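These notes concern the structure reproduced below.
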Amino acid sequence: MKDFFLNFTKILETNSKIYWSIIVGIVTCLVLYVAEIIHIQSIYPHISSLDSTVVRTIIDAIAQRYQWGRIAVILIALIASIFQYRKTKKILNLG
Numbered sequence: 009m010k011d012f013f014l015n016f017t018k019i020l021e022t023n024s025k026i027y028w029s030i031i032v033g034i035v036t037c038l039v040l041y042v043a044e045i046i047h048i049q050s051i052y053p054h055i056s057s058l059d060s061t062v063v064r065t066i067i068d069a070i071a072q073r074y075q076w077g078r079i080a081v082i083l084i085a086l087i088a089s090i091f092q093y094r095k096t097k098k099i100l101n102l103g
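Add 8 to the 1-based position in the sequence shown for my numbering, that's all there is to it.
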């Protein structure tokens with residue numbers, strides 16, 4: 009277990025792209041969240057229905073697209089960090 013943590017910290021110290029891929033993923037998710045808020049606020053006045061279920065259906069459809077976008081961004085960030093981790097591990101001959 010001790011060797012695992014020593015190797016893990018050595019890999020993280022060697023390649024900062026591991027950190028940056030996660031940070032960029034989180035920031036992109038925050039940007040998508042703000043874009044979702046602005047998008048819904050700009051569309052809401054143009055919805056001409058007084059029925060709350062129609063309004064909720066329209067807003068939920070938009071929110072669901074942004075949610076899938078955020079999920080995709082996080083998955084891409086995790087895959088990129090795992091790729092960088094394995095690449096650095098192979099370069100340092102740690103396993």
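No residue lacks a Cβ here, since even glycine has one placed at the ideal position from N, Cα and C.
Please read these numbers as outputs of a predicted model, since none were measured by experiment.
{"Asked": "Do I79 and I67 have their C-beta atoms within less than 9 Å of each other?", "Found": "no"}
{"Asked": "Helix, strand or coil, according to DSSP, for I67 in the structure here?", "Found": "helix"}
{"Asked": "Candidates I34, K95, I55: which alpha carbon is nearest N23's?", "Found": "K95"}
{"Asked": "Return the residue from the list I90, I99, V42 that minimises the CA-CA distance to I30.", "Found": "I90"}
{"Asked": "I think Y74 touches L40, with their Cβ atoms under 8 Å apart; what is that distance to the nearest whole Å?", "Found": "6 Å"}
{"Asked": "When DSSP labels each residue in this structure, what does S24 get in the three-state scheme?", "Found": "coil"}
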